[in-house]
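Colleague:
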Amino acid sequence: MMGQTLSPVAMTCAVGSKSAKQMWDNLKLKFAAPNRQNILQLKSNLQNLRKRSDDIETYLDKVKIARDALETVGVTIDDEDIVVTVLRGLSL
Numbered sequence: 001m002m003g004q005t006l007s008p009v010a011m012t013c014a015v016g017s018k019s020a021k022q023m024w025d026n027l028k029l030k031f032a033a034p035n036r037q038n039i040l041q042l043k044s045n046l047q048n049l050r051k052r053s054d055d056i057e058t059y060l061d062k063v064k065i066a067r068d069a070l071e072t073v074g075v076t077i078d079d080e081d082i083v084v085t086v087l088r089g090l091s092l
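Residue numbers for the sequence shown, in full-length UniProt numbering: 1 to 92.
1) Would you kindly report the start and end of the unbroken alpha helix (DSSP H) that includes I65?
2) With a threshold of 8 angstroms on Cβ separation, who are the neighbours of L70 within its own chain once the five nearest residues in sequence on each side are excluded?
3) For K18, name the three-state secondary structure that DSSP assigns.
4) Do you know whose CA, among I82, T5, A20 and F31, lies nearest R50's CA?
5) Check each candidate in N26, Q22, D79 and K18 and name the one with the smallest Cα separation from A10.
6) Can you tell me which of the three DSSP states T5 falls into?
7) Assuming V83 is part of the alpha helix (DSSP H), what are its boundary residues?
8) Which residues in the same chain have their Cβ closer than 8 angstroms to the Cβ of M23, if we skip the five residues on either side of it in sequence?
9) In three-state DSSP terms, what is S53?
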């Protein structure tokens, strides 16, 4: 297995951490901090998903990943809106 290294910016988050959890929390704060542009991009990603040639499982996985990314930054999309998004993405 090839070793992985942290970028200099990520390293500053890791140095001084007392535990792996604290390091990951610091990294999350640094890289997943919600800002308006990031939230708008994540919402756009979800709204623009289309099934196209994906099988249904792959398509639904993409929807879940997009929804989870929004929840990571504190944006909750209710189930009814997800159903509408999924159905819209099925059309050609």
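Heads up, the beta-carbon is just placed ideally off N, CA and C, and yes, glycines get one too.
None of these values were measured; they are calculated from a predicted model.
Modeller: Quick look at the numbers:
1) For the purposes of this step, residue 65 is identified with residue 65 of the sequence shown, where counting begins at 1. First-last of the alpha helix (DSSP H) with I65: I56 to T72.
2) Taking the sequence shown and counting its residues from 1, one reaches residue 70 at position 70. The answer, listed in chain order, is I39, L42, K43, L46, T76 and I77.
3) The residue given as residue 18 occupies position 18 in the sequence shown. Looking at K18 - three-state DSSP - the assignment turns out to be coil, as it is neither helix nor strand.
4) On the sequence shown, position 50 is the one that residue 50 refers to. Minimum Cα distance to R50 is reached at I82.
5) In the sequence shown, counting from the first residue as 1, residue 10 sits at position 10. Here the closest residue by C-alpha is N26.
6) Stepping through the sequence shown from its first residue, residue 5 is reached at position 5. Residue state, collapsed to three classes: coil.
7) Residue numbering aside, residue 83 sits at position 83 when the sequence shown is read from its first letter. Looking at the DSSP string, the run of the alpha helix (DSSP H) that includes V83 is D79 to L90.
8) Taking the sequence shown and counting its residues from 1, one reaches residue 23 at position 23. C13, A14 and S17, listed in sequence order.
9) For this step, residue 53 is matched to residue 53 along the sequence shown. In the structure shown, S53 sits in coil (DSSP, three-state: anything other than H, G, I, E or B).
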